[in-house]
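Visitor: Below you'll find the structure I mean.
Written as structure tokens, this is what we have:
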């Protein structure tokens with residue numbers, strides 16, 4: 598029975614990835630990711646000009662992360678229904694994760710992920726750490 602469930606899950610993921618539901622791109626040996634981030638920021642600027650009030654619901658979440666130490670650029674685009682689906686049925690109280698070297702914890706209310714699409718298209722998070730050469734950009738579209 599467990600093998601059938603695993604096979605079904607693999608089949609669903611394969612179908613979704615082939616149907617274009619989500620995009621994942623990992624680029625290695627990237628020395629200068631500024632062009633990719635500039636293109637994403639330009640898209641965000643156009644979205645903001647066209648919809649300054651962030652009206653409507655977002656359909657997709659985009660995440661772009663660059664790690665200067667590994668020189669990897671990771672880009673992920675996931676439909677909001679998959680973000681909501683990932684949130685279903687989890688025990689969120691036990692999902693406390695260390696966030697820094699001092700082992701301090703940050704509490705996150707994971708149930709809020711269900712309501713992200715209500716924010717409308719636009720920027721969610723932008724972080725640039727010049728010291729570690731790390732960049733993160735998360736937006737809704």
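In my numbering, the protein residues as written are 598 to 738. Each residue gets a CB set at the ideal place from its N, CA and C atoms; glycine is no exception.
#1: So is residue 714 buried or exposed if we call it buried at 16+ other beta carbons inside 10 Å?
#2: Is residue 659 buried or exposed, if buried means 16 or more other CB atoms sit within 10 Å of its CB?
#3: If you check the beta carbons only, do residue 677 and residue 720 fall under 9 angstroms apart?
#4: Taking its Cβ as the centre, do 16 or more other Cβ atoms sit within 10 Å of residue 656, making it buried, or is it exposed?
#5: Starting from residue 716 and walking both ways along the beta strand (DSSP E), at which residues does that stretch end?
#6: Decide if residue 630 is buried, meaning its Cβ has at least 16 other Cβ atoms within 10 Å, or exposed.
#7: Apart from the five residues just before and just after residue 638, which ones in its own chain have a Cβ nearer than 8 angstroms to its Cβ?
Guide: Looking at the coordinates:
#1: buried
#2: buried
#3: no
#4: exposed
#5: Residue 716 -> no beta strand (DSSP E), and no H or E assigned at all.
#6: buried
#7: 734
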